[in-house]
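In the numbering used here, the protein residues as written are 18 to 145.
Dropping the structure here:
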């Protein structure tokens, strides 16, 4: 049951990111400085979506505390990037706050991912 909830949350985040990038495209064509700027935006969007798919696959394959922590910090950093895009391209300064909050949450969970000892999990125990 827990896996179905996580899978649903994962697909909601993927759909949300895809819709946000698509909606920002229409608004941003005025803001693009050059053709290179447009390609950099599209490549950033594709890399973020690929990262979400890879992290989701990692979490659903191993289904451990380590993979869930990795998914949490990745989602936090992706939400931070989305709010940063909104702040910059739509010139809405109020979105600086969610950008910083999600960035701090992402860094905190990334630090927890790096520091916590995950060797005690059943996934990493050797068969005796």
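Virtual Cβ for every residue (Gly too), placed ideally from N, Cα, C.
The structure displayed is predicted, hence computed values, not measured ones.
C-alpha gap between residue 145 and residue 136, whole angstroms: Confidence at residue 145 is low in this model, with a pLDDT of 48, below 50, so its placement is unreliable and no value can be given for it.
CB contact flag (residue 110, residue 104, <8 angstroms): yes
Contained alpha helix (DSSP H) runs [length at least 4] in the segment 35 to 102, N- to C-terminal order: 52 to 79
Nearest to residue 221 (by Cα), restricted to the options 37, 41, 124: Because residue 221 is not part of the residues shown, which for the chain are 18 to 145, the question remains open.
Cα-Cα separation, residue 102 to residue 129: 26 angstroms
Reference residue 41; option with closest CA among 58, 76, 114: 58
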